[in-house]
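The block underneath contains the structure these notes are about, expressed in structure tokens.
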Amino acid sequence: MDAIIESQIFFFISSVGFVVLGIMAFIFLFYLIRATNVLSEIMRKVEKDIDSIGDTTKEMLEEVRHSVIFNFLFRRKKKHRKN
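Per our numbering: the sequence shown = residues 406 to 488.
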């Protein structure tokens, strides 16, 4: 009888342990999925900002290249033709 009681206690404890491990795994996966969603949103926002920063930088470079001061400092030398 002692062996049967010991085996029942062992199976009860192991069943409780597996249930606890299952719950912990579920909680871990829940937080992992939440963290990946947050990272995905952050990446989308960063990509949008990078695109807008790139467009703004291109516009600023065009404005600088067409400015009077830039043309004065870095004007292209005209080629003289020999007749």
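C-beta atoms are modelled at their ideal positions from N, C-alpha and C, and glycine is treated no differently.
Test item: CB-CB of F475 and V469 under 8 angstroms: Translated into positions along the sequence shown, residue 475 becomes position 70. Translated into positions along the sequence shown, residue 469 becomes position 64. For F475 and V469, yes; Cβs fall inside 8 angstroms.
DSSP three-state assignment for S377, whether helix, strand or coil: This structure does not reach residue 377, given that the chain is present from 406 up to 488, and the question cannot be answered.
Whole-angstrom distance between I410 and S419, CA atom to CA atom: For the purposes of this step, residue 419 is taken as residue 14 along the sequence shown, with counting starting at 1. For the purposes of this step, residue 410 is taken as residue 5 along the sequence shown, with counting starting at 1. When rounded, the distance between both Cα atoms is 14 angstroms.
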